[in-house]
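First comes the structure, then the notes that go with it.
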Amino acid sequence: MLKQNLEIVLNNEIIDYLKSNSINPAILENVAENAKKWEIELNKTEIEFAASQKLRTLMQKVENELSENSYLIAMNSIFRQLNLLEIEPDLWQIQNQYFKIGKEHLNDKEFAAEVGNAEDQEWLKQFNDLGQFVNVQIA
């Protein structure tokens, strides 16, 4: 009975985080850690749907606010936790946006990073990490 209640609570906490506007990765990290620790059965369908929506929203924010690294950092953190939980969100729209952003802005970001702009260096690192999660490489 206790495990069943814990399953309900942790599933709800994951879904609530994914549906929220929060980009605080610690929230999902804590819940994911507990779900793994207690071997909780996850509602993968609902979590994958909510994760897909959250990641699409964050990708749009990346595109709209290129100077803000926090959205890329949040996306990478979310992907790490989803991988830990064996959750596979729908990626095709995120992949398309990633490719578009890369084609339109990557050269400018690389140039700025080369001349020593620390924010652009961090942006490039986070953007490249995200590319690994979404399986897109921009040549």
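Note that this note's numbering gives residue 45 to position 58 of the sequence shown, counting from 1, and the numbers run on in steps of one.
All residues carry an ideal CB built from backbone N, CA and C; glycine is no exception.
For clarity, every value in this text was computed on a predicted model and none was experimentally measured.
For the pair Ile81 and Leu53, the CB atoms are not nearer than the 9 Å cut-off.
Straight-line measurement puts the Cα of Asn122 at about 15 Å from the Cα of Lys90.
Contact between Val49 and Leu59 is confirmed by a C-beta separation of about 6 Å, below the 8 Å threshold. Contact check for Leu15 against Gln84 fails: the beta carbons are separated by 9 Å or more. Excluding five sequence positions before and after Lys23, the CB atoms of its chain that fall closer than 8 Å to its own CB belong to Leu71 and Leu72, given in chain order. Three or more Cβ pairs drawn from the stretch -8 to 12 and the stretch 28 to 48 lie within less than 8 Å of each other, which places the two stretches in contact. With contacts defined by Cβ atoms closer than 9 Å, Ile10 and Leu45 form a contacting pair.
In the three-state reduction of the DSSP assignment, Asn30 falls in the coil class. For the pair Leu111 and Ala100, the CB atoms are nearer than the 9 Å cut-off. Going by DSSP, Trp25 is part of no alpha helix (DSSP H) at all; its letter is neither H nor E. Distance between Ser7 and Lys96, taken at the CA atoms: about 30 Å. For Gln(-9) and Ser64, the gap between their C-alpha atoms comes out near 27 Å.
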